[in-house]
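Scroll down for the structure; my scribbles are underneath it.
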Amino acid sequence: MATKEKASTGSVAVAKTPADLQRMRLEKLMAAPVKPVFIPEKSKGAKMKEPPEFIRNVWGSSAGAGSGDFHVYRGVRRREYARQKFTAEQNDKMDKDEKYHIKVEENKKAAEERTAKKRAKRLKKKEKLKSKKARKDNKPSGENSDEDEKHEDNEDGNTDDQVDENSQPVSRNSRSNKDQNQKQDE
């Protein structure tokens with residue numbers, strides 16, 4: 001469908017393609033940038049008419065009903081079914097919205113918990129490094145003994161020595177020898 005719009009020179013321009021029509025509308029819009037643009041509000045949805053409080057004549061396929069009464073009955077029945085369908089859809093929509101908001105809140109809570117846990121871990125690691133640095137700064141550089149180094153290694157869990165059942169430090173080599181001796185005894 002071709003539409004006509006006036007160009008800035010006063011002549012009539014015809015949009016031959018939808019792209020031309022869009023271009024012409026944008027040019028018109030940009031010609032006056034201070035002019036407010038009307039943006040329509042989003043529709044809030046249809047609102048159904050309330051059901052009648054009292055129906056005086058109840059129609060149906062009964063004897064004595066006139067030929068025109070059936071059409072009136074059919075219209076009332078159609079409107080009532082449409083109203084019931086609309087209320088059912090509204091209830092479903094509200095239930096889905098409620099479930100969605102609950103799930104969003106649960107996700108936010110879980111994310112905050114994970115963040116708090118990671119933050120606590122970072123702070124703990126930072127404090128540990130600060131305490132090690134302070135401990136190192138307090139001692140002169142030449143007086144670090146082997147026991148302090150072993151103690152630091154045990155805190156980190158990066159030691160070569162392990163502890164056996166009697167809480168005696170055992171190196172890995174001696175433990176493997178002990179295991180080999182037990183196997184030979186059997």
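Quick note on numbering: the UniProt record's numbering labels position 7 of the sequence shown as 7, and the sequence is numbered without any gaps. Think of the CB as a built atom: it goes at the ideal place given N, C-alpha and C, for glycine as much as any other residue.
Should R83 and M48 be called a contact, given that it needs their Cβ atoms to be closer than 9 Å?
Taking the first residue of the sequence shown as 1, we reach residue 83 at position 83. Taking the first residue of the sequence shown as 1, we reach residue 48 at position 48. Yes.
Going by beta carbon distance, what residues of the same chain come within less than 7 Å of K42, once the five residues before and after it are set aside?
Numbered from 1 along the sequence shown, position 42 holds the residue referred to as residue 42. Counting only Cβ-Cβ distances below 7 Å, and skipping sequence neighbours, we find nothing.
Could you compute how far the alpha carbon of R135 sits from the alpha carbon of K121?
For the purposes of this step, residue 135 is taken as residue 135 along the sequence shown, with counting starting at 1. For the purposes of this step, residue 121 is taken as residue 121 along the sequence shown, with counting starting at 1. For R135 and K121, the distance between alpha carbons rounds to 21 Å.
Just to confirm, are M24 and A32 a CB contact at a threshold of 9 Å?
In the sequence shown, residue 24 corresponds to position 24, counting from 1. In the sequence shown, residue 32 corresponds to position 32, counting from 1. Not closer than 9 Å, so no.
Is V14 helix, strand or coil by DSSP?
As a first step, residue 14 is located in the sequence shown; it is residue number 14 there, counting from the start. Three-state result, V14: strand.
Can you give me the Cβ contacts of V76 inside the same chain, cut-off strictly under 6 Å, excluding the 5 residues immediately before and after it?
Numbered from its first residue, the sequence shown carries residue 76 at position 76. Answer for V76: no residue qualifies.
DSSP state of D20, grouped into three classes?
Indexing the sequence shown from 1 puts residue 20 at position 20. Three-state DSSP puts D20 in a helix.
Please list the terminal residues of the continuous alpha helix (DSSP H) segment that includes K85.
Position 85 of the sequence shown, counted from the start, is the residue given in the question as residue 85. Element bounds for K85: 69-138.
For S11, is the classification buried or exposed, using 16 other Cβ atoms within 10 angstroms of its Cβ as the cut-off for buried?
Against the sequence shown, residue 11 aligns to sequence position 11. Exposed: under 16 other Cβ atoms inside 10 Å.
Just the Cα atoms here: how many angstroms apart are R119 and K126?
The residue given as residue 119 occupies position 119 in the sequence shown. The residue given as residue 126 occupies position 126 in the sequence shown. Those two C-alpha atoms are separated by around 10 Å.
Just to confirm, are E89 and P51 a CB contact at a threshold of 9 Å?
By 1-based counting over the sequence shown, the position of residue 89 is 89. By 1-based counting over the sequence shown, the position of residue 51 is 51. No. Outside cutoff.
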